[in-house]
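Numbering (this note's numbering), first residue to last: 4 to 248.
Quick notes on the structure that follows.
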Ligand SMILES: Nc1ncnc2c1ncn2[C@@H]1O[C@H](COP(=O)(O)OP(=O)(O)O)[C@@H](O)[C@H]1O
Ligand SMILES: [Mg+2]
């Protein structure tokens, strides 16, 4: 599903000033967008508005050519701090969205088993989140988001609390999941490297009042072994320069 955001603005309270000011971008169906910007500029707010959890003050969001206001129904969100329920097992956490949609138990079991295998979580189904590493917890959160087969995946700094090695492994995992499923995703990050590794387009936001500073096409996105290639480092330099302006 494509996402088209047109002149989206958000003010929480007039005395707080404008948060998002006339933000526009397009994500074609099956493509990816990385959003990068300073802390407090409104990245989480932007994702919440896309997810329909908050309302825009003005502007439009068009999903698959339909001006419906947000990515209703067919989207899933992955949060920075995983957002797992501590009192539910891994299996129950993954099945949560399916249960909410009243999916039969047999189907829940089937989908959960497939995702456990796909995300390297075999043998952990009956554990509780606290019994898992950070990387494993985030893989459960990814599995939960994928369980309902979303067309749009919204991710808010999903890997930022993980150590560098785990982060790279999960970035690789996300890329391969995208390559298999061709879903449309928006990834918020504060890492330039992550934006270049995971975004076909990179949206750079300014300080508040937050505007689009640059939209950079990242044509090498998805190339095998991208992290070892010169074009990857060139792109990182380009993004860093664009952020400094
Ligand atoms: N529900 C809210 N009510 C009032 N102000 C908010 C609310 N949510 C976020 N803000 C403010 O909007 C700005 C952007 O917040 P946020 O989207 O969390 O930024 P980021 O994710 O880029 O760090 C911040 O100044 C924050 O205090
Ligand atoms: Mg945030």
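Note that CB positions come from ideal geometry on N, CA and C, so glycine has one too.
Just so it is clear, the structure is predicted and the values come from calculations on it, not from any experiment.
By a beta-carbon distance limit of 8 Å, residue 242 contacts residue 219. Their separation comes to about 6 Å. A heavy atom of ligand 1 is found nearer than 6 Å to the CB of residue 22. Here the C-alpha atom of residue 135 lies approximately 29 Å from the C-alpha atom of residue 36. Set against 6 Å, the gap from the CB of residue 216 to the closest heavy atom of ligand 1 is not smaller. Going by C-alpha positions, residue 208 is about 11 Å away from residue 27.
Taking non-hydrogen atoms of ligand 1 into account, the C-beta of residue 47 is found less than 6 Å away from one of them.
Residue 223 and residue 238 do touch by the CB rule: their CB atoms are close to 7 Å apart, below 8 Å. 7 Å or more divides the Cβ of residue 168 from the Cβ of residue 67. With three or more CB-CB distances shorter than 8 Å, the stretch 152-162 counts as touching the stretch 71-79.
In the DSSP assignment, residue 158 forms a beta bridge with 81 and 190. Looking at the DSSP output, residue 13 bridges to 23.
Boundaries cannot be given for residue 128, as no alpha helix (DSSP H) includes it and DSSP labels it neither H nor E. Residue 34 holds the alpha-carbon nearest to the alpha-carbon of residue 184 among 42, 10, 34 and 23.
A contact is defined here as three or more CB-CB pairs under 8 Å, and the stretch 141-154 meets this definition with respect to the stretch 113-129. Counting every other CB atom within 10 Å of its CB across the protein chains shown gives residue 247 a total below 16, marking it as exposed. For residue 7, the beta-bridge partners assigned by DSSP are 29 and 65. Secondary structure note for residue 198: its alpha helix (DSSP H) is the uninterrupted segment 195-201.
With contacts defined by Cβ atoms closer than 7 Å, residue 22 and residue 45 form a contacting pair. In the DSSP assignment, residue 52 falls within the unbroken alpha helix (DSSP H) covering 46-54. In terms of side-chain proximity, the C-beta atom of residue 86 is found no nearer than 6 Å to any non-hydrogen atom of ligand 1. Per DSSP, the continuous alpha helix (DSSP H) segment holding residue 180 begins and ends at 167-184. Under the three-state reduction of DSSP output, residue 216 falls in the strand class. Secondary structure note for residue 148: its alpha helix (DSSP H) is the uninterrupted segment 137-150. DSSP, read as helix, strand or coil, puts residue 38 in strand. In the structure shown, residue 92 adopts coil according to DSSP, grouped into three states.
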